[in-house]
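**Student:** Numbering (the working numbering), first residue to last: 1 to 157. The beta carbon of each residue, even a glycine, is placed where N, CA and C say it ideally should be.
This is the structure:
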């Protein structure tokens, strides 16, 4: 069970990336979204369900991984970035320019943590690990919705 918990919590091992594990986790979320949305043509309801499943599994695994890794919100836990990235792209068009915009915005808000994103980290356990990334994903999604409509209406590609 320990191996499964760590596999999920570390975003299929992306948390062990020697450089920028959070970015590696977000990249996994981007690839997962691309495979499901573009590759399989999964409808919006399927993408929402995927986000919810990753989130619930993430809360569970992150909460159990913290004691195994020896500290709160250990940097190796990246399932939160996977879920945040899925939320950042939810309800946005399946286009390369929009995906890159969503990725950039998510990483910006995840690192910067504008109010109230940083407050999510104050929660305990797996919920605290996941909450700030959900908020960063929500900010990224709102920014992406706005920029897509204003700056990228016809698309760059």
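Specify the secondary structure class of residue 130 as computed by DSSP and reduced to three states.
**Tutor:** Here residue 130 sits in helix by DSSP.
**Student:** By the three-class DSSP mapping on this structure, what secondary structure does residue 15 have?
**Tutor:** Residue state, collapsed to three classes: helix.
**Student:** What does a CB cutoff of less than 7 Å around residue 138 pick up in its chain, not counting 5 residues either side in sequence?
**Tutor:** The residues are 87.
**Student:** Between which residues of its own chain and residue 83 is the CB-CB distance below 8 Å, once the five residues before and five after are set aside?
**Tutor:** So the list reads 29, 51, 54, 55, 58, 130, 133, 134, 137, once near-sequence residues are dropped.
**Student:** Find out if the Cβ-Cβ distance for the pair residue 15, residue 77 is shorter than 7 Å.
**Tutor:** It is a contact, given that the beta carbons lie within the stated cut-off.
**Student:** Below 8 Å on the Cβ atoms is my guess for residue 62 versus residue 80; work out the distance and round it to an integer in Å.
**Tutor:** Right, the Cβ-Cβ distance comes to about 7 Å (below 8 Å), so this counts as a contact.
**Student:** Below 7 Å CB to CB, which residues in the same chain sit around residue 6 once its five sequence neighbours on both sides are set aside?
**Tutor:** Result list for residue 6: 65, 68, in chain order.
**Student:** Excluding the five sequence neighbours on either side, which residues of its own chain have a C-beta within less than 8 Å of the C-beta of residue 157, listed in chain order?
**Tutor:** At residue 157 the pLDDT is 45, less than 50, meaning the model places this residue with poor confidence and gives no usable figure here.
**Student:** For residue 99 and residue 2, what's the separation of their Cα atoms in angstroms?
**Tutor:** For residue 99 and residue 2, the distance between alpha carbons rounds to 33 Å.
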